[in-house]
Amino acid sequence: MNIKLALKKVALPALLATCLAGTAAASETATVPPAKPSFEEYTASLRLEADQKGYDKALLDEVFSSLTFHERVVKADQTQPESVETLSTYLPKRVSETRIRMARGFYNQYLPELEKIGEKYGVQPRFIVALWGLESSFGRFMGNYSIPSALATLAYDGRRETFFRQEFFNALDILAEGHISFADMKGSWAGAMGQSQFMPSSFLAYAQDGDGDGKKDIWTNQLDVFASIANYLKHQNWDNSITWGREVVLPEKFDAGLAIQRGSLARAEWLKRWNDSARSLAQWNELGVRRLNGSGLPARDMQAALILPDGAGGRAFLGYDNYKSLMHWNRSYYFVTSVGYLADLIIAE
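In structure tokens form, the structure reads like this:
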């Protein structure tokens, strides 16, 4: 055999294998994602950004020396329970006899203050109390997580890093303005704070100093809590000349396509679906929609959208513009309906 030819037969496959192996190794190296930084490294980057933003060094030393990674926060965020409720099982738990009794008691206790705040912001006091009761059980359950630590944990986890990172800096802004001490800035695992359960961004946008002491304290100051809730609704176009809506009865073979179509959507898309459903009360009346007692709908010149929280065959509601305002607070038909129910029961005879 020709020696040169034999060498080629042996060397070329080996050379080719070596090249392919090298290419595969390079390719594998190129696609390996960078190692995730530790929580301490991540918060160091937060500290650097905070320094660049000009926060007071003493404040940053206090906050960053205490930041803690909460595994339970991450688990809570990743394993939120799927909805297995219906409205008929949800309402009795959220609007229980105990909560109704407490709501009526607090409503009467604070009525003079609530009426002043309600007049200032254009919001009926019963809706302020209903939101207060459903968000924190009248301030009894606000959460006990350090808000900066909870937000830093959620930002580090990365599922919604941009959102929670910004909320972390919003929380620093609140501390910098002196509304609450770092030690007392407690709330839920998701970063919602105080008796009104505002995220830091909502606090900065809507929180109010209800008693004129120079601070906006939604943790311990009742007047600040009430004014902040009312101010939020005011900015969502609340109309105190109307209520939230009402439960209705639909005729047989009613076209469920006239209701707001269900599905999780961005707010702008949801508002479009609201507008597609919205009709005058007179039009709904002509379509056979009736009050629960079978009588016709009120003779008022106003718009309403049809809501079927559990889909066709479930309970039906006509939502007025205030229902839409409450959906900005929490875009859940169950939650908003519970607010309306509790508000009605507070003043029911």
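FYI, in mature numbering (1 follows the signal peptide of the UniProt record, and there is no 0) the residues of the sequence shown are -26 to -1, 1 to 323. The beta-carbon is built from N, C-alpha and C at its ideal position, and this holds for glycine as well. Remember, predicted model here, so these are calculated numbers, not experimental data.
* Same chain, Cβ closer than 6 Å to G113, neighbours up to 5 away in sequence not counted -> On the sequence shown, residue 113 is found 139 positions in, with the first residue counted as 1. Contacts found: Q169.
* To do: Name, in chain order, the residues that DSSP records as bridge partners for E221.
  => Position 247 of the sequence shown, counted from the first residue, corresponds to residue 221. F291, per the DSSP bridge assignment.
* Asked: Identify the residues that DSSP records as bridge partners of K10: which are they?
  -> For this step, residue 10 is matched to residue 36 along the sequence shown. Partner(s): none; K10 has no beta bridge.
* Asked: Sorted by chain position, which residues of the same chain lie with C-beta nearer than 8 Å to V223's C-beta, five sequence neighbours on each side aside?
  -> Residue numbering aside, residue 223 sits at position 249 when the sequence shown is read from its first letter. Around V223: V263, R264, R265, L266, G268, A290.
* CB-CB under 7 Å to R274, same chain, minus the five flanking residues each way: which ones, in chain order? -> On the sequence shown, position 300 is the one that residue 274 refers to. Correct list, in chain order: L255.
* **Whole-angstrom C-beta distance between G219 and Y294, which should lie under 8 Å** => Position 320 of the sequence shown holds residue 294. Position 245 of the sequence shown holds residue 219. The pair is a contact, with the Cβ atoms about 5 Å apart (cut-off 8 Å).
* Just mark A(-1) as buried or exposed, buried being the case when its beta carbon has 16 or more other beta carbons within 10 Å. => Locating residue -1 in the sequence shown gives position 26, where the first residue counts as 1. For A(-1), the pLDDT reaches just 48, beneath the cut-off of 50, and the residue's location in the model is therefore unreliable, although a value from the coordinates is still provided. It counts as exposed.
* **DSSP three-state assignment for S155, whether helix, strand or coil** => Counted from its first residue, the sequence shown places residue 155 at position 181. Residue state, collapsed to three classes: coil.
* Please classify A278: does DSSP put it in a helix, a strand, or coil? => What you label residue 278 is simply residue 304 of the sequence shown in a count that begins at 1. Strand at A278.
* Could you tell me whether the Cβ atoms of R305 and R241 are closer together than 9 Å? => Counting from 1 along the sequence shown, the entry for residue 305 is found at position 331. Counting from 1 along the sequence shown, the entry for residue 241 is found at position 267. Taking 9 Å as the Cβ cut-off, R305 and R241 qualify as a contacting pair.
* Asked: Under 9 Å, do T127 and H44 count as touching if we go by C-beta distance?
  -> Working through the sequence shown from its first residue, we reach residue 127 at position 153. Working through the sequence shown from its first residue, we reach residue 44 at position 70. Taking 9 Å as the Cβ cut-off, T127 and H44 qualify as a contacting pair.
* Stretch pair the stretch 70 to 82 + the stretch 173 to 183: three plus CB contacts closer than 8 Å -> no
* Which runs of the alpha helix (DSSP H), 4 residues or longer, sit entirely within the stretch 81 to 107? -> 85 to 95
* Asked: Do G168 and the ligand HEM come close, with the Cβ less than 8 Å from some heavy atom?
  -> Summarising the ligand content, the structure contains no ligands, and the ligand HEM is consequently not present.
* D191, buried or exposed, once every other Cβ within 10 Å from all chains shown has been counted against 16 -> In the sequence shown, residue 191 corresponds to position 217, counting from 1. Buried: at least 16 other Cβ atoms inside 10 Å.
* A279 vs A252 beta-carbon contact at 9 Å -> Position 305 of the sequence shown holds residue 279. Position 278 of the sequence shown holds residue 252. Taking 9 Å as the Cβ cut-off, A279 and A252 qualify as a contacting pair.
* Other residues of its chain near P225: CB distance less than 7 Å, five sequence neighbours each side excluded -> In the sequence shown, the residue the question calls residue 225 occupies position 251. If we look at P225 and ignore the five residues flanking it on each side, its Cβ neighbours are G262.
* To do: Would you kindly work out how many angstroms separate the C-alpha atoms of I320 and E36, rounded to a whole number?
  => For this step, residue 320 is matched to residue 346 along the sequence shown. For this step, residue 36 is matched to residue 62 along the sequence shown. Looking at the two C-alpha atoms, the distance is approximately 43 Å.
* To do: Inspect the CB distances between the stretch 111 to 125 and the stretch 154 to 165 and report whether three or more fall short of 8 Å.
  => yes
* To do: Can you give me the start and stop residues for the alpha helix (DSSP H) that R68 sits inside?
  => Here the question's residue 68 lines up with position 94 in the sequence shown. That run of the alpha helix (DSSP H) goes 61 to 68.
* Asked: Is it buried or exposed for E109, if we count other Cβ within 10 angstroms and need 16 for buried?
  -> As a working mapping, residue 109 is identified with position 135 in the sequence shown. Classification for E109: buried.
* To do: Kindly indicate which residue of Y64, I148, Q171 has the alpha-carbon position closest to the one of M116.
  => Against the sequence shown, residue 116 aligns to sequence position 142. M116 has its Cα closest to that of Q171, out of Y64, I148, Q171.
* Asked: Going by DSSP, what residues sit across from Y16 in a beta bridge?
  -> If you number the sequence shown from 1, residue 16 lands on position 42. Answer is none; Y16 lacks a bridge partner.
* Q196 burial status per 10 Å Cβ neighbour count (16 or more: buried) -> Translated into the one-based positions of the sequence shown, residue 196 becomes position 222. With 16 or more Cβ atoms within 10 Å of its Cβ, Q196 is classed as buried.
* Contact check, A150 vs Y29 under 8 Å by CB: the rounded distance? -> By one-based count along the sequence shown, residue 150 stands at place 176. By one-based count along the sequence shown, residue 29 stands at place 55. Indeed, because the Cβ distance is near 6 Å, the residues count as touching under 8 Å.
* Cross-strand partners of Y308 (DSSP beta bridge) -> In the sequence shown, the residue the question calls residue 308 occupies position 334. DSSP lists no partner for Y308.
* Residue of N144, R247, L300, V199 minimising C-alpha distance to A24 -> On the sequence shown, residue 24 is found 50 positions in, with the first residue counted as 1. Comparing Cα positions, the closest option is N144.
* To do: Measure the Cβ-Cβ separation of G288 and L65 and say whether it is below 9 Å.
  => For the purposes of this step, residue 288 is identified with residue 314 of the sequence shown, where counting begins at 1. For the purposes of this step, residue 65 is identified with residue 91 of the sequence shown, where counting begins at 1. No; because the gap between Cβ atoms is not below 9 Å, this pair is not in contact.
* Limits of the alpha helix (DSSP H) - the one that S251 falls within -> Counting from one through the sequence shown, the residue named residue 251 turns up at place 277. That run of the alpha helix (DSSP H) goes 241 to 251.
* Asked: Given that a residue counts as buried once 16 or more other Cβ atoms are within 10 Å of its Cβ, and exposed if not, what is Q83?
  -> By 1-based counting over the sequence shown, the position of residue 83 is 109. Result: exposed.
* To do: Taking G231 as the reference, give the member of D187, P86, G285 with the closest Cα.
  => To locate residue 231, count along the sequence shown from 1; it is residue 257. It is G285.
* Asked: Given a threshold of 16 other Cβ atoms within 10 Å of its Cβ, counted over all protein chains shown, does G92 qualify as buried or as exposed?
  -> Reading the sequence shown from its first residue, position 118 is the one you call residue 92. That one is buried.
* Asked: Which of the three DSSP states, helix, strand or coil, is assigned to M116?
  -> The residue labelled residue 116 in the question sits at position 142 within the sequence shown. In the structure shown, M116 sits in coil (DSSP, three-state: anything other than H, G, I, E or B).
* Residues that DSSP places opposite F172 in a beta bridge -> Residue numbering aside, residue 172 sits at position 198 when the sequence shown is read from its first letter. Answer is M167, bridged to F172.
* Given that a residue counts as buried once 16 or more other Cβ atoms are within 10 Å of its Cβ, and exposed if not, what is Q52? -> By 1-based counting over the sequence shown, the position of residue 52 is 78. Exposed, because fewer than 16 other Cβ atoms sit within 10 Å of the Cβ of Q52.
* **Exposed unless 16 or more other CB atoms sit within 10 angstroms - verdict on H153** => If you number the sequence shown from 1, residue 153 lands on position 179. Counting Cβ neighbours within 10 Å, H153 comes out buried, since at least 16 surround it.
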